[in-house]
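*Asks:*
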Amino acid sequence: KVNVEASCEEEAPGSICLDWTDDKVDRYVRAHTMPPREAAKVADPATGDMYYIECMEQFQEFCKRILKEGQHEEKKVGAYAADTHWYSNVGGT
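Residue numbers for the sequence shown follow our numbering, so the first one is 569 and each next one is one higher.
#1: Considering only residues of the same chain and omitting the five flanking positions on each side of Ser583, which have a CB-CB separation below 8 Å?
#2: Pull up the distance between the alpha-carbon of Lys636 and that of His600, whole angstroms please.
#3: Using DSSP with H/G/I as helix, E/B as strand and the rest coil, what is Gly582?
#4: Whose C-alpha, out of Arg605, Leu586 and Ala580, is nearest the C-alpha of Lys632?
#5: For Met624, report the span of its beta strand (DSSP E) as first-last.
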């Protein structure tokens, strides 16, 4: 049985949580493709930069490039969002 009061008190998440399952991320991304919502966003845990995610392929690429690269090598000095054009940076940097 669903506790309606508890579920109404919870706010919708403002961005993708990296602990979510792929199914939950996929539902969140699809829900944010409809107006009046903006595209889904995810934060780079190393820098805090926010990125728009418009489909699961972009999220999977984000995980592959940003999360896995950060585990094996130090952050490159002078790197910026234009180095990897597959995503868009929310802040525009």
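Glycine included, every Cβ here is placed at the ideal spot set by N, Cα and C.
*Replies:* According to the data block:
#1: Ala608, Lys609, Val610, Ala611 and Met618
#2: 25 Å
#3: coil
#4: Out of Arg605, Leu586 and Ala580, Leu586 has the C-alpha closest to the C-alpha of Lys632.
#5: Where Met624 is concerned, there is no enclosing beta strand (DSSP E), although the alpha helix (DSSP H) it sits in stretches over Met624 to Phe630.
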